[in-house]
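Numbering (the working numbering), first residue to last: 1 to 121.
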């Protein structure tokens, strides 16, 4: 399935069509940060980047520009998933672990697994 190119995929005067071949949806929440009345976490969801070959498996890159909690934002920047983890029937997931950007002198840790199915298949 070809998608109409967006301006970010244009090269010179010729536009290239790109197809999502192998991506995963993900959703999760960060661990709690800070103390007292400011103690909070963040929820997030998105779609990984395309598969990146890594040894005999592959990984995905995740760039999420913002999670929010009452107008307080963090980013997940250039996070890489772990390799594919088989779950049966030819399907797999990826484990993800990392930290958000620092905002207001704190950051959050997170751990989650991608969802099994590609969102466009």
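Note that the Cβ used here is the ideal one computed from N, Cα and C, for glycine as well.
- Burial check for residue 42: the Cβ neighbour count within 10 Å reaches 16 or more, so the residue is buried.
- Rounded to whole angstroms, the separation of the alpha carbons of residue 116 and residue 55 is 21 angstroms.
- Residue 81 places its beta carbon less than 8 angstroms from that of residue 59.
- Nearest Cα to residue 73 within the set 33, 25, 24, 22: 33.
- In this structure residue 95 is exposed. Its beta-carbon is surrounded by fewer than 16 other beta-carbon atoms within 10 angstroms.
- Cβ contact annotation for residue 112 (same chain, cutoff 6 angstroms, sequence separation greater than five): 28, 96, in chain order.
- Minimum Cα-Cα distance from residue 87 among the listed residues 98, 77, 67, 114 corresponds to 114.
- The stretch 19-80 contains, as complete beta strand (DSSP E) runs of 3+ residues, the segments 25-29, 43-47, 51-54, 57-68, 73-80 (chain order).
- As the crow flies, the alpha-carbon of residue 102 is around 29 angstroms from that of residue 84.
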